[in-house]
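*Asks:* With the working numbering, letter number 77 in the sequence shown gets 1352, and the count goes up by one each step, no holes. Below you will find the structure I want to go over with you.
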Amino acid sequence: DFLYCENNVWRAAAVKPSEELSKSRVREKLDLERLYWERREIEWKIVTEKEVSKTLARNLIWLWTGENIENLIPSEQILNTLREVFLQLYNDHFPFASIIEGIEKECHLRAGTAMLIYKDLIRAGKIQIDLNRKLNMTDPRRVL
């Protein structure tokens, strides 16, 4: 379900509800997945709701859902420029709502596009947030 890099080491994780682990077909599939990653020398583990808080799970779902930004802005050059502008405004501590509204208005983007750019920057590691805390989307830099 997830392939990620942590401390320059690639890792993979299968996310399953704990009650699914007792099913023989699920265990067979997980064993195949384990072998797949093992052959590629990538650490693999199973993660259940017992290892992940509800807040983290909600934040990960939020972060990884939504339309693909490349579908909305197919030009890589324009998308990279928008990423740079967003990041500059964010790092200069402009109000978050102003960044979202300003980028969408000034660039004639569909509502929600700037939020997708924000998520894209988080996934790329350009913006750091604590996914273990409830997100405050009126100002994500503030902790609730």
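We put the beta carbon where it would ideally sit given N, CA and C, even for glycine.
(1) Quick check on Phe1371: buried or exposed, where buried means 16 or more other Cβ atoms within 10 Å of its Cβ?
(2) In whole angstroms, give me the CA-to-CA distance for Gln1363 and Thr1388.
(3) Check whether the region 1380 to 1398 touches the region 1349 to 1363, taking contact to mean three or more Cβ pairs, one atom from each stretch, closer than 8 angstroms.
(4) So the alpha helix (DSSP H) Ala1389 belongs to, where does it begin and stop?
(5) What are the start and end residues of each continuous alpha helix (DSSP H) run of 4 or more residues lying completely inside the region 1338 to 1417, in chain order?
(6) What does DSSP give as the partner residue(s) for Glu1281 in the beta ladder?
(7) Do you know how far the Cα of Leu1384 is from the Cα of Ile1353?
*Replies:* On the basis of the coordinates in this document:
(1) Locating residue 1371 in the sequence shown gives position 96, where the first residue counts as 1. Counting Cβ neighbours within 10 Å, Phe1371 comes out buried, since at least 16 surround it.
(2) In the sequence shown, residue 1363 corresponds to position 88, counting from 1. In the sequence shown, residue 1388 corresponds to position 113, counting from 1. Spanning the alpha carbons of Gln1363 and Thr1388 requires a straight line of approximately 17 angstroms.
(3) yes
(4) Numbered from 1 along the sequence shown, position 114 holds the residue referred to as residue 1389. Segment Thr1388 to Arg1398, the alpha helix (DSSP H) holding Ala1389.
(5) Runs of the alpha helix (DSSP H) inside the region 1338 to 1417: 1344 to 1347, 1351 to 1366, 1371 to 1381 and 1388 to 1398.
(6) The count along the sequence shown starts at 1 and reaches residue 1281 at position 6. Answer is Val1284.
(7) In the sequence shown, counting from the first residue as 1, residue 1353 sits at position 78. In the sequence shown, counting from the first residue as 1, residue 1384 sits at position 109. Straight-line Cα distance between these residues: approximately 12 angstroms.
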